[in-house]
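There are 2 protein chains.
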Amino acid sequence: MTERIHAKYWLETGTDPRAAADAIAGEQSSGTFVALPGETRELKERSGARVERLEILGQTYKPSLPGGMRSNFYTQCELELSWPIENMGPSLPNLMSTIAGNLFELRQVSGLRLTGLRLPPSFAAAYPGPAFGIEGTRRMAGVEHGPIIGTIIKPSVGLAPEATAEHVRELVAGGIDFIKDDELQGDGPHCPFDERVRAVMRVVNEHAERTGKKVMVAFNLTGELDQMRRRHDLVLEEGGTCVMAVLNSVGLVGLHELRRHSQLPIHAHRAGWGYLSRSPHLGWDYAPWQQIWRLLGADHLHVNGLANKFSESDESVIAAARAVLSPVMPEAPLPAMPVFSSGQTGLQAAPTFAAIRCTDLIHTAGGGIFGHPGGIAAGVDAMRQAWIAAMEGVPLERHAKHHPALQDALRFWK
Amino acid sequence: MTERIHAKYWLETGTDPRAAADAIAGEQSSGTFVALPGETRELKERSGARVERLEILGQTYKPSLPGGMRSNFYTQCELELSWPIENMGPSLPNLMSTIAGNLFELRQVSGLRLTGLRLPPSFAAAYPGPAFGIEGTRRMAGVEHGPIIGTIIKPSVGLAPEATAEHVRELVAGGIDFIKDDELQGDGPHCPFDERVRAVMRVVNEHAERTGKKVMVAFNLTGELDQMRRRHDLVLEEGGTCVMAVLNSVGLVGLHELRRHSQLPIHAHRAGWGYLSRSPHLGWDYAPWQQIWRLLGADHLHVNGLANKFSESDESVIAAARAVLSPVMPEAPLPAMPVFSSGQTGLQAAPTFAAIRCTDLIHTAGGGIFGHPGGIAAGVDAMRQAWIAAMEGVPLERHAKHHPALQDALRFWK
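Protein chains in written order, with the working numbering: chain A, 1 to 414; chain B, 1001 to 1414.
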């Protein structure tokens, strides 16, 4: 039996849902708007997309998106389609054109969102997946158990390399596990990549020699392919242990090539995710999206954070984190590490742990650490204690009684 | 004076528009949600994004997108921001993270759409732009004047290489200028790329030898980088004159690398454009989006078509086509050719010509050609005659009196 690709959608349509489902299936495989002489029954049987499931969820009187066909009411449904792998082969770029191609623009559609994806094993044979994942990241960061506590260099842009390194000096002295560049910081003339890496790694290496702990720094090497390769090599040469790329900025081919070249974990940033997801009636859920990047080789994937400063709900953040922690497919789990960020403090430790029941994650905090009256070391300690309390199921206030740094943190975390 | 990047947005916000504009500017440059000790006045002056313009357009009582801050009303405005190029250098991937990064998710935002982009000349120095553009495409296709009349191979997927070539045989015999693979057709086992190219080019080359006219075929080589390079080389070797890539499937780095390698015009497909644009309150206008791909090297860019079968309005199609025909910047026009498709017939010739006042375009029709009772040659002739009528400002019916193929076409075009 041929392997098939399954994709799930939330669909809203002004026409008969079955007709809409058939139109989408046709448009994204052997059909088009008109009957084709060459589209024989045999060809359609072999190459046509199949409507596997169509479940009516409800109706609305106003279309969620404009431009579609007019109707007195619009039916919302869950749709599952499948395609034979023979249509595109195990190719992620061609998969993209198929599952997320011209279908969002159809007139039959007044809302369409890709909510799920089930790929056959041949994709795992064709793509490498994360080279480091959870286990490799823990090894490289020297954090055997518990969450990896991290932070982001701020101001995002504007600091010169030496000022960045001075900032890093305080952070590593404070006992942090992980530091990342802001996604806006690339290789601008005010803070050239090479100088930044050299200045920062001098600090990180000195600290490692003294203490045995090499802090993982995710240097944002986002750029054109040659630049990314060259920057990766410099990070490696300077003893760095992580590189970062903005997925929507480099694209599928960019990440694939970076993965082929890289000898370091790839910290994958999702900047731009908002334009793919902020309308509930259009675009992508995180679950199918992150599968593609994990197959390509992302080791860490951003999932926002609980009680974040953005517009994303906790429910959506939890779903994203669980997706990153779930196997891409039973035959190839390809584990990656979720990265929680945005307005994070130790207050999010317990609800995050409750939601995902593990600590295989990077938890980054800015103000939640820097704001500590006892300084950065106390801020980092408070974050760790909050996680210990979460893992042990002890309320923060009680745990804080024996941990003064946490006690102080509870006065400014909010 | 430093070069600056200017981006325009349609913004809807539940807070004071000036505060929202400042928040976006801050988040996308040196600031963040909290005051930073390192963000000095001098640093902000140098690296902060600037609110260049903020014009109130109106108000609404319901937020267009969910998840933002609650308010009694939401203000809609036009916002222009600018950044110093020193923040990211002339790098398109890093530009993406800046102009279309984390801003769509801000709580201050209940609607945000990127509507315009003005880049400084250093981007044109850093990127090659289209290698062929309008003039090179005309030369390669052997179409000196008027539109390039094209079609798409259908069924999209499912035909074997020999069946595809037989289809192409009819098309070239019918006098077509341009043929493209469907964006769903890549390199699947039912229609391997190499076999398809060899079979199709045999037909195209035979025809060229006999008639002197080499029809341009855009072979969809979308895939991973090595695959694209290898496929490009095969097309070139077989005497082909065009390759096609799906932009959203290969990403920025993918197109950049293809352009560096390619010796043929790049036909750029926008499959997936719907998820970037279908909500009027989110995502991208075509004008800024296509600029990025032209800098990278797209020679042809899809713009849908007038009276199309999708949900896009004629107004939006015209704006897209005009954008593709406008200079990327005064210092570097980087001309590319718009491709009109979807439910096209000769009936769209006159309104298309009226809208863009030129014929530097590819006009693809499927049913509008195949449906002709006189066969493909008559269908192609009718398309050409419709364009001649449009250029001469003669009503179709009058022109048809002396052109029987057009006369017959007018009976089935609708």
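C-beta: ideal position from N, C-alpha, C; glycine also.
Because the structure is a prediction, the values reported are computed rather than measured.
query                                                                                                                                    : result
Distance between A:F193 and A:Q76 (C-alpha atoms, nearest Å)                                                                             : 49 angstroms
Residue-chain proximity (B:V1394, chain A), Cβ-Cβ < 8 angstroms                                                                          : no
DSSP three-state assignment for A:F219, whether helix, strand or coil                                                                    : strand
Touching by the beta-carbon criterion (3+ pairs, under 8 angstroms), the stretch 273-287 of chain A and the stretch 1272-1290 of chain B : yes
Given 8 angstroms, three or more beta-carbon pairs between the stretch 1129-1146 of chain B and the stretch 1096-1103 of chain B         : no
8 angstroms Cβ cutoff met for A:H261 and A:D299                                                                                          : no
Cutoff 8 angstroms: B:Y1275 Cβ touching any chain A Cβ                                                                                   : yes
Rounded C-alpha distance that separates A:G297 from A:R270                                                                               : 14 angstroms
Nearest neighbour of A:K214, chosen from A:V339, A:G283 and A:V168 [CA to CA]                                                            : A:V168
Beta strand (DSSP E) runs contained entirely in the stretch 1212-1269 of chain B, provided each spans 3 or more residues                 : 1216-1220, 1243-1246 and 1266-1269
Cβ-Cβ separation, B:N1087 to A:V157 (assumed contact under 8 angstroms), whole Å                                                         : 5 angstroms
The stretch 1012-1023 of chain B touching the stretch 1107-1125 of chain B, judged by at least three CB pairs closer than 8 angstroms    : yes
Cross-chain neighbours of B:F1412 in chain A, by beta carbon under 7 angstroms                                                           : Within chain A, no residue comes near B:F1412; the closest Cβ sits about 11 angstroms away, beyond 7 angstroms.
Residue interval of the beta strand (DSSP E) (run including B:I1179)                                                                     : F1178 to K1180
Cβ-Cβ distance between A:T151 and A:I176 below 8 angstroms                                                                               : yes
Alpha carbon of A:V303 to alpha carbon of A:E224, nearest angstrom                                                                       : 25 angstroms
Outcome for B:N1072 when other beta-carbon atoms lying within 10 angstroms are tallied against a minimum of 16                           : exposed
Cβ shell of A:Q348 (< 8 angstroms), same chain only, five flanking positions each side left out                                          : G305, L306, A307, F340 and H363
N- and C-terminal bounds of the alpha helix (DSSP H) containing A:M391                                                                   : I376 to E392
Cross-chain neighbours of A:S311 in chain B, by beta carbon under 8 angstroms                                                            : L1065, P1066, G1067, G1068, E1105, L1106, R1107 and V1109
Where the stretch 160-191 of chain A meets chain B: residues whose CB sits under 8 angstroms from a CB there                             : A163, H167, E183, L184, G186, D187, G188, P189 and H190
Beta-carbon proximity of B:L1295 to B:G1129, cut-off 8 angstroms                                                                         : yes
Near-chain B residues of the stretch 222-233 of chain A - C-beta to any C-beta below 7 angstroms                                         : T222, G223, E224 and L225
For B:G1129, the first and last residue of its enclosing beta strand (DSSP E)                                                            : Element bounds for B:G1129: n/a, residue is neither H nor E.
C-beta contact flag for B:S1313 and A:G343 at 8 angstroms                                                                                : no
Any C-beta of chain A under 8 angstroms from that of B:R1294                                                                             : no
Identified DSSP bridge partners for B:F1340                                                                                              : B:H1363
Amino acids of chain B, ordered along the chain, whose beta-carbon sits closer than 7 angstroms to that of A:P280                        : P1066
Which listed residue (B:V1197, B:V1246 and B:Q1385) has its alpha carbon closest to that of B:P1147                                      : B:Q1385
Residue range of the unbroken beta strand (DSSP E) whose run includes A:A7                                                               : R4 to T13
Residue-chain proximity (B:P1093, chain E), Cβ-Cβ < 8 angstroms                                                                          : Looking for chain E here will not work: the only protein chains present are A and B.
Proximity to A:G272 [Cα-Cα], best of B:E1078, B:Y1074 and B:L1106                                                                        : B:L1106
Residues, ordered as in the chain, of the stretch 134-158 of chain A that lie near chain B by beta-carbon distance below 7 angstroms     : K154, P155, S156, V157 and G158
Rounded distance between the beta-carbons of A:R198 and A:E238, thought under 8 angstroms                                                : 6 angstroms
CB of A:K154 within 8 angstroms of CB of B:T1032, strictly                                                                               : yes
Burial state of B:L1057 (16 or more Cβ within 10 Å)                                                                                      : exposed
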